[in-house]
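Remarks on the structure that follows.
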Amino acid sequence: FGACGGSLAVRRAVLAAIGALDDDFFFSAEDVDFAWRAQLAGFRCVYAPRAVVYHQLAATGGDITASYYNGRNFIYVLAKDYPADLFRRHWRAVIGRQLTIAGEALRAWRGKAARARLRGIIAGLRGLPKMLRKRRAVQAQRRVSLDYLESILTPADD
Numbered sequence: 001f002g003a004c005g006g007s008l009a010v011r012r013a014v015l016a017a018i019g020a021l022d023d024d025f026f027f028s029a030e031d032v033d034f035a036w037r038a039q040l041a042g043f044r045c046v047y048a049p050r051a052v053v054y055h056q057l058a059a060t061g062g063d064i065t066a067s068y069y070n071g072r073n074f075i076y077v078l079a080k081d082y083p084a085d086l087f088r089r090h091w092r093a094v095i096g097r098q099l100t101i102a103g104e105a106l107r108a109w110r111g112k113a114a115r116a117r118l119r120g121i122i123a124g125l126r127g128l129p130k131m132l133r134k135r136r137a138v139q140a141q142r143r144v145s146l147d148y149l150e151s152i153l154t155p156a157d158d
């Protein structure tokens, strides 16, 4: 569906058509957002199994930081990129998975990472108006069918 941002090579035509990484996805899921925008616009991701990538981890990550931004940014991805016709077909699984994630964080409330995840989910919900404004432009560039998207996606409940 898409490549990790740390190992992604992109043609200039893709950047010209859909833009670069979205700064609102600071820290995580910016590559997921980019992959959605590219796929919706009709671009394909090619897997190069013999390619070798070396990735030096940065010191800015961590359980608490990653938990917060994952909680926020995956709400952003759903709001900005997930097509309405796909959502109508799979809303139970998509919402169910998000509720499961929130429930797991609530059960682990004493953990700092769990609380950070919940703060991130709340921040994601608060950011919905901004992402929904961006959604219009993303969905307007869609050139692929629902059948195509379903053929390359893993079911939401997996």
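Position 97 of the sequence shown, counting from 1, maps to 97 under our numbering, and the rest follow consecutively.
Backbone N, C-alpha and C fix where the C-beta goes; we use that ideal spot for every residue, glycine too.
**Prompt:** With distances taken from CA atoms, which of Gly-2, Leu-106, Phe-74 is nearest Gly-42?
**Reply:** In the sequence shown, residue 42 corresponds to position 42, counting from 1. Measuring from the Cα of Gly-42, the nearest candidate turns out to be Gly-2.
**Item:** Inter-stretch contact at 8 angstroms, needing at least 3 Cβ pairs: the region 43-55 / the region 81-99
**Value:** no
**Prompt:** Which ranges does the alpha helix (DSSP H) cover as unbroken runs of at least 4 residues, wholly within the region 5-90, from first to last along the chain?
**Reply:** 12-18, 30-40, 63-81
**Item:** Proximity winner among Asp-147, Thr-154, Ala-16, relative to Asp-85 (alpha-carbon distances)
**Value:** Residue 85 sits at position 85 when you count from the first residue of the sequence shown. By alpha-carbon distance to Asp-85, the top candidate from Asp-147, Thr-154, Ala-16 is Asp-147.
**Asked** Starting from Pro-155 and walking both ways along the alpha helix (DSSP H), at which residues does that stretch end?
**Response** Your numbering for residue 155 matches position 155 in the sequence shown. Premise fails: Pro-155 is in no alpha helix (DSSP H) and is neither H nor E.
**Prompt:** Three-state secondary structure (DSSP) at Gln-98?
**Reply:** For this step, residue 98 is matched to residue 98 along the sequence shown. Helix.
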